[in-house]
Each structure stands twice: as C-alpha cells, then as structure tokens.
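First comes the structure, then the notes that go with it.
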Amino acid sequence: MDTIAGLPAHPLLVHAIVVLVPLVALLEILCALWPAARDRLVWLVLVLAAVTAALTPLTVEAGEAMYANFPQPPAVLQEHAERGNWMPYVGAALLVIAVLLALLQWWSGHGRATAAVVAVLTVAIGLAAIAAVIRVGDSGARAVWGGG
1 MDTIAGLPAH
11 PLLVHAIVVL
21 VPLVALLEIL
31 CALWPAARDR
41 LVWLVLVLAA
51 VTAALTPLTV
61 EAGEAMYANF
71 PQPPAVLQEH
81 AERGNWMPYV
91 GAALLVIAVL
101 LALLQWWSGH
111 GRATAAVVAV
121 LTVAIGLAAI
131 AAVIRVGDSG
141 ARAVWGGG
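According to full-length UniProt numbering, the sequence shown is numbered sequentially starting from 1.
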C-alpha cells in the first residue's frame, strides 16, 4: 500500500503506530500489574494489539515504497529505515503479550508465579516497545525535519 486517497501512506499510517504502540504497551503493563484493570481491559487490549500488529508491517511496507524514491538516501533516512524494519517484531511481541494476558485472565487456575512471570515479560517488552517507537520516530523526524 503506497498511497491512501492519493497521499503517501507511510506518513498517515505512522501516526497510528506512534499512538498505538505506547498505548498498547502501557495498557498491557497496567493489566499485568493490576488484576482489576485486566478484568476490565484485557479484551480491548487484545483488539488494540491485533490492530497494532497488523498495521506495523503495512507501515513498514509503505515506508519502503517511499524510501525507493530516493536513489541515494541520506544517512539519517537509512538509519530510520533500518530501525523501522524492526517494528513488525515489536507489534508481534505486543500481540503475544496481549494473548498471554488474555490467557491469564481466562485461566483462573494460574498461580502467582505465572502471573509474576507474565508481569515481568510484559513490563520488559512494553518498555522496549516504547523505546523502539521513540527511536524510530526520532530518526524519522530528523529525516523529515532535519537536525541529523
């Protein structure tokens, strides 16, 4: 998908990713650490994580289409493309965590150790996802607006 309504798709899709990745990560952390939040939010988080996981490869694909328009891309754009190529893995990791949280919610027989392991994984992956979107977004902003 290169364009949406005649506009380049990447700058449009990237705004969804910039919002969804940190939102999903923070909601997952909340659900992992606070069972009452998990009771209310886990299914919403699962849907948002699925949307995020679906949009990240589309966003990367659209970015690659834009990148192809630069016969000799500047170093900052190359950096952005290299960092951006990891984002589908970030989206997939957030989806895996959402599935684990849903299973934790569904399986009432889980022990405290299981919940603790899921919480540690959730916090680690959530913080890594937020860091990844910041790094990719920073290099993208520098590529568009200068400063690098």
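Every residue gets a Cβ at the ideal spot worked out from N, C-alpha and C, and that includes glycine. All values reported here derive from a predicted model rather than from experimental measurement.
- One thing to note: Thr122 has its Cβ no nearer than 8 Å to the Cβ of Gly91.
- By the CB criterion at 8 Å, Ala25 and Gly140 fall outside the cutoff.
- In the three-state reduction of the DSSP assignment, Pro71 falls in the coil class, being assigned neither a helical nor a strand state.
- One thing to note: Ala32 has its Cβ no nearer than 8 Å to the Cβ of Ala98.
- Contact annotation, Ala62 with Leu13: C-beta distance approximately 6 Å; criterion of less than 8 Å satisfied.
- Under the criterion of beta carbons closer than 8 Å, Tyr67 and Ala81 qualify as touching, at roughly 5 Å.
- Rounded to whole angstroms, the separation of the alpha carbons of Val118 and Trp107 is 13 Å.
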